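Q: Quick one: this structure, given as structure tokens, is what I'll be asking you about.
2 protein chains.
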Amino acid sequence: MVEFRSPTTVEGLAQAELDHVLAIMKAALEAVDPTEAIRRHITRDGASLRVNSHTYNLNAYENIYVVGGGKAGAAMAQTIENILQDHLARGVAVVKHGYTAPTRKIAIHEGGHPLPDPAGLAGTRRIADLLKDTTERDLVIALISGGGSALMVMPVEGIQLHNLQALTGQLLASGATINEINAVRKHLSGVKGGQLARMAAPAEVLTLILSDVVGSPLDVIASGPTAPDASTYQTAWDVLNRYNLWAKVPSSIRQHLDAGRQGEIDETPKPGDPIFDQVTNVIISDNAIAAQAAAEQAQALGYHTLLLSTYVEGEAREVAQVFAGIAKEIAHYGRPAPRPACVIAGGETTVTLQGTGKGGRNMELALAAGIAIEGLDNALIASLATDGTDGPTDAAGGVVTDSTVARARAEDLDPRDYLHRSDSYHFFDQLGDLIITGPTNTNVNDLIFVFVFE
Amino acid sequence: MVEFRSPTTVEGLAQAELDHVLAIMKAALEAVDPTEAIRRHITRDGASLRVNSHTYNLNAYENIYVVGGGKAGAAMAQTIENILQDHLARGVAVVKHGYTAPTRKIAIHEGGHPLPDPAGLAGTRRIADLLKDTTERDLVIALISGGGSALMVMPVEGIQLHNLQALTGQLLASGATINEINAVRKHLSGVKGGQLARMAAPAEVLTLILSDVVGSPLDVIASGPTAPDASTYQTAWDVLNRYNLWAKVPSSIRQHLDAGRQGEIDETPKPGDPIFDQVTNVIISDNAIAAQAAAEQAQALGYHTLLLSTYVEGEAREVAQVFAGIAKEIAHYGRPAPRPACVIAGGETTVTLQGTGKGGRNMELALAAGIAIEGLDNALIASLATDGTDGPTDAAGGVVTDSTVARARAEDLDPRDYLHRSDSYHFFDQLGDLIITGPTNTNVNDLIFVFVFE
Chain F
263 MVEFRSPTTV EGLAQAELDH VLAIMKAALE AVDPTEAIRR HITRDGASLR
313 VNSHTYNLNA YENIYVVGGG KAGAAMAQTI ENILQDHLAR GVAVVKHGYT
363 APTRKIAIHE GGHPLPDPAG LAGTRRIADL LKDTTERDLV IALISGGGSA
413 LMVMPVEGIQ LHNLQALTGQ LLASGATINE INAVRKHLSG VKGGQLARMA
463 APAEVLTLIL SDVVGSPLDV IASGPTAPDA STYQTAWDVL NRYNLWAKVP
513 SSIRQHLDAG RQGEIDETPK PGDPIFDQVT NVIISDNAIA AQAAAEQAQA
563 LGYHTLLLST YVEGEAREVA QVFAGIAKEI AHYGRPAPRP ACVIAGGETT
613 VTLQGTGKGG RNMELALAAG IAIEGLDNAL IASLATDGTD GPTDAAGGVV
663 TDSTVARARA EDLDPRDYLH RSDSYHFFDQ LGDLIITGPT NTNVNDLIFV
713 FVFE
Chain C
263 MVEFRSPTTV EGLAQAELDH VLAIMKAALE AVDPTEAIRR HITRDGASLR
313 VNSHTYNLNA YENIYVVGGG KAGAAMAQTI ENILQDHLAR GVAVVKHGYT
363 APTRKIAIHE GGHPLPDPAG LAGTRRIADL LKDTTERDLV IALISGGGSA
413 LMVMPVEGIQ LHNLQALTGQ LLASGATINE INAVRKHLSG VKGGQLARMA
463 APAEVLTLIL SDVVGSPLDV IASGPTAPDA STYQTAWDVL NRYNLWAKVP
513 SSIRQHLDAG RQGEIDETPK PGDPIFDQVT NVIISDNAIA AQAAAEQAQA
563 LGYHTLLLST YVEGEAREVA QVFAGIAKEI AHYGRPAPRP ACVIAGGETT
613 VTLQGTGKGG RNMELALAAG IAIEGLDNAL IASLATDGTD GPTDAAGGVV
663 TDSTVARARA EDLDPRDYLH RSDSYHFFDQ LGDLIITGPT NTNVNDLIFV
713 FVFE
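If you're matching them up, the sequences are chains F and C in order. According to my numbering, the first sequence is numbered sequentially starting from 263. According to my numbering, the second sequence is numbered sequentially starting from 263.
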């Protein structure tokens, strides 16, 4: 259960209103807790396993295996073990170093994240071994969560892990888009881009996905191990051309991609590949599920509630201007929702560092919003990292009201100066307005809340 | 009447849908046309002049004068002349050089904008002369529109126009906020900050305002000539302190502000000053009125319509991400409005120039949005400068659909490159997707439209 250690009070804000804000955030976080998310989507009654509207007859399978990777892998493994009980044969999951938990039949391997390491490679190889002899009478349940791309790592033969790491770094620095980077990585991996599904074939595959990617594209989350891959070896080749990276690429990588585009190596499985007839991908937790839970709680508490978007991106301090603009519209015109209003949005903003301060995208968004809503009547804006960790800090975000910056100035804190130095953490810390939850065991990006109270 | 000379067609977009988009924009622009705006808010029946819910008996006044300043001053003067007819005694309005029009009783003075000039000063002095002998039996109708701050210019005695101009430049470069800059300017002027109302006293004052400021704050539009001023000489003094500008300020300005804060000169009239008991400020045209007219037209055309905010600010390319995020939410989840959906917002974004290209904040917003909505199903985003002039160009904005960037690439235009070089005008020009209206005779900032069609 998530507990909000801070804020306990916000000066100038009625306690009942703060309680509402925190209850709404809590509802969002609980809906996407790994255990809770599995239990909301999967119920078992005897040998019937109900996953959303589909029912699996557990007795129909010879073996049921669990594989997977991601930061939430241990909690997901525990939960699915408890649900499957004796029906589970065995399993392997790769989790981040230190993110393990006791399990009975699913072996938990710890591996490197965000940088892949040999331990992750060893764990991924055990998954490959497990899936080697599956038959069409087996069911493979794959547990995918954020970090899975680094944790489930298996370079194609002849390519070293450190070469992959170096190339990823160069791609990131080149200005390539995430789709371009993924096209390259999928074609140098034995597990990404639908290749875990190919390993599991001819078994049936049920993939349970905790999405940490805005919009939850199946081919992007954890590099889409059980999703069709629309990119090709030629795509990957063109990306390295486009960004002039050949000089930095080892010949083993060049040879592999070239052989691939000549048709000498199997492509990743494409959309329409019959492999996917046996695969069901289910998003059990993402930003939209969290935002929806928040909206339901807000509505239950009597707020006129609008779920605006779960695809919000952009520079945090600029995105803040739009949400401040919505608060102003509500305050002045009672639209798009009348008081008491709660507008909820989700996504993930970015921060271009402007100083050497300490902060995160959520705290920075809140600080910029606070400057913009100064003096507005009874407004509050909060921004929350659902993993409990906003930037390199122990806080999940920040809360501002219309009186926050006046209060700050009275304590000789200049809000614009803190924003200018990207030092939002220390701004909120001194005011007692940090949001602190501790680790939440989940990550569905960020949530932004605009409240205009009565 | 506004005519859209471009776009006439948008490739990949049904003509009926483009017609809807343009009809909605047109409804917005017509609602804020100066003549139309006056006629919507003011009707005359015999000697009764109805202004919103208030009725003025024209026979009750000994003299009715019209004064004013701003870029829309000539059209406003013509319209009010036509309404008042013989009840009008005389008037003076200061407009931008080249923005004049034939009038009968209201003398039109042309003056400098954005930089004030001696011609504007001469016109403003004529306003002061006209108001010198007003009595409590007179009515003064003030016509205020964008640019009024530069056009109605009257430095206090002993301070030269060029000193004011230099100081304004230094304040703008110092990082001072617009409120801080205005506090200084109001205390060096004989007309700003409620001082036009003081000149008109003891006459009754009716001010008709075309707002070009986001949120329409009465004390900011044209520097609030008939609105209470909450700032003081001390505020102005503190601003020059805060930004270390004394070394650059002529001693005449320093002496004036110092005398003011010592109480040796009258303050600008403050909130609660009885002068304002005789003053009625009426916003007859602003972004909210335009956005509301657009929303009504969209609704009439069958769109599920949401007026989100008329207070949108922030960096154009980042604000674009939020609106693209709303388009995605509609396309994927049918919220905050189901298809066919139209989300309308207003405000004014900013552009931090990144290259030497040609563009404006609306075209840049549209270009960035186009990149973000690539491939989305049946979506369109448009951004429109209501004065018909986006940046230093002959276009009012741009239109993008989900297929715009693919179409651009097919013509060897790299959308990211155009964005990177701040060259949005040439991007849209080559695609034929510029919005071109010519001058609209009004300015209520910008409008942003998100459409997701069936």
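Ideal Cβ positions, reconstructed from N, Cα and C, are used throughout, including at glycine. All of these numbers come straight from a predicted model, not from anything done at the bench.
For the candidate residues F:Val272, F:Leu693 and F:Arg399, whose alpha-carbon lies nearest to that of F:Ala463?
A: F:Arg399
Q: Between the stretch 554-580 of chain F and chain C, which residues of the former have CB atoms less than 7 Å from a CB of the latter, in chain order?
A: When CB distances to chain C are screened at a threshold of 7 Å, the residues of the stretch 554-580 of chain F falling below it are Leu568, Leu569, Leu570, Ser571, Thr572, Tyr573, Val574, Glu575, Gly576, Glu577 and Glu580, in chain order.
Q: Hey, out of F:Gly456, F:Thr341 and F:Arg460, whose CA is closest to F:Pro487's CA?
A: F:Gly456
Q: How would you call C:Asp491, buried or exposed, if buried means at least 16 neighbouring beta carbons within 10 angstroms?
A: buried
Q: Below 8 Å between beta carbons: does that hold for F:Pro269 and F:Ile697?
A: It is a contact, given that the beta carbons lie within the stated cut-off.
Q: Can you give me the C-alpha to C-alpha distance between F:Ala582 and F:Ala630, rounded to a whole angstrom?
A: 6 Å
Q: Let's test the definition: count the other Cβ atoms within 10 Å of the Cβ of C:Ala521 and tell me whether it reaches 16, buried, or not, exposed.
A: exposed
Q: Could you check whether the stretch 591-605 of chain F touches the stretch 617-627 of chain F, counting it as contact only if at least three pairs of C-beta atoms, one from each stretch, sit closer than 8 Å?
A: At 8 Å Cβ cutoff, the stretches do not touch.
Q: Roughly how far, in whole angstroms, is the beta-carbon of F:Thr386 from the beta-carbon of F:Val357, given that I think they are within contact range, below 8 Å?
A: Actually they do not touch by this definition, with Cβ atoms about 12 Å apart.
Q: I want to see whether chain F comes within less than 8 Å of C:Glu298, judged by CB atoms only; does it?
A: no
Q: Within 10 Å of its beta-carbon, does C:Thr572 have 16 or more other beta-carbons around it, so buried, or fewer, so exposed?
A: buried
Q: To the nearest angstrom, how far is it from the Cα of C:Asp664 to the Cα of F:Gly374?
A: 39 Å
Q: Would you tell me roughly how many angstroms separate the C-alpha atoms of C:Met666 and F:Ile440, rounded to the nearest one?
A: It should be pointed out that residue 666 of chain C corresponds to Thr in this sequence rather than to Met. Approximately 21 Å, taken between the alpha carbons.
Q: Just to make sure I have the definition right: I need the residues of chain F whose C-beta is within less than 7 Å of the C-beta of C:Arg597. Which are they?
A: Leu569
Q: So does the stretch 468-483 of chain C actually touch the stretch 542-552 of chain C, counting three or more Cβ pairs closer than 8 Å?
A: yes
Q: Let me know if C:Met338 comes out buried or exposed under the rule of 16 or more other beta-carbons within 10 Å of its beta-carbon.
A: buried
Q: With 16 as the cutoff for other CB atoms within 10 Å, does C:Val714 come out buried or exposed?
A: buried
Q: Kindly give me the distance between the Cβ atoms of C:Leu423 and C:Pro380, rounded to whole angstroms, as I take these residues to be in contact under 8 Å.
A: Correct: roughly 7 Å between the Cβ atoms.
Q: So if DSSP puts C:Tyr327 in a beta bridge, which residue, or which two residues, is it bridged to?
A: C:Arg352 and C:Val402
Q: Where does F:Pro417 fall in DSSP's three states?
A: Here F:Pro417 sits in strand by DSSP.
Q: Just the chain F side, please: which residues come within less than 9 Å of C:Gln496 by C-beta, in chain order?
A: Residues of chain F passing the Cβ test: none, with the nearest at roughly 16 Å.
Q: According to the neighbour-count rule (16 or more other Cβ atoms, all chains shown, within 10 Å of its Cβ), is C:Pro364 buried or exposed?
A: exposed
Q: Check whether chain C comes within 8 Å of F:Gly609, counting only Cβ atoms and requiring the distance to be less than that.
A: yes
Q: Counting only beta-carbon atoms, is C:Gln277 nearer than 8 Å to chain F?
A: Judged by the 8 Å Cβ criterion, C:Gln277 is not in contact with chain F.
Q: Shorter than 8 Å from the beta carbon of C:Gln583 to some beta carbon of chain F?
A: Under the 8 Å criterion on CB atoms, C:Gln583 is classed as interfacial with respect to chain F.
Q: Go ahead and label F:Pro378 buried or exposed: buried means 16 or more other beta carbons lie within 10 angstroms of its beta carbon, across all protein chains shown.
A: buried
Q: Going by beta carbon distance, what residues of the same chain come within less than 7 Å of C:Ala351, once the five residues before and after it are set aside?
A: Asn325, Ile326 and Tyr327
Q: Mind pulling the beta strand (DSSP E) runs of 3 or more residues that sit fully within the stretch 331-381 of chain C?
A: 350-358 and 368-373
Q: Would you call the CB atoms of C:Ala285 and C:Gln559 closer than 8 Å?
A: yes
Q: Taking only three categories from DSSP, how would you classify C:Leu529?
A: The sequence given here places Glu at residue 529 of chain C; Leu does not occur at that position. Three-state result, C:Glu529: coil.
Q: In the stretch 447-521 of chain C, which residue ranges form an unbroken beta strand (DSSP E) of at least 3 residues, counting only runs that do not cross its ends?
A: Runs of beta strand (DSSP E) with 3 or more residues, each lying fully within the stretch 447-521 of chain C, are found at 466-472, listed in chain order.
Q: Hey, does F:Lys590 have any beta-carbon neighbour from chain C nearer than 8 Å?
A: F:Lys590 counts as touching chain C.
Q: Take the Cβ of F:Trp499 as the centre, count every other Cβ of all protein chains shown within 10 Å, and call the residue buried at 16 or more, exposed below.
A: buried
Q: Report the three-state DSSP secondary structure of C:Leu429 (helix, strand or coil).
A: In this structure, C:Leu429 counts as helix in the three-state DSSP scheme.
Q: Please give me, in chain order, every unbroken run of the beta strand (DSSP E) with length at least 3 that falls completely inside the stretch 641-713 of chain C.
A: The DSSP assignment places 641-647 and 659-663 as complete runs of the beta strand (DSSP E) inside the stretch 641-713 of chain C, in order along the chain (cut-off: 3 residues).
Q: With a cut-off of 8 Å, does the C-beta of F:Ala670 fall near any C-beta of chain C?
A: no
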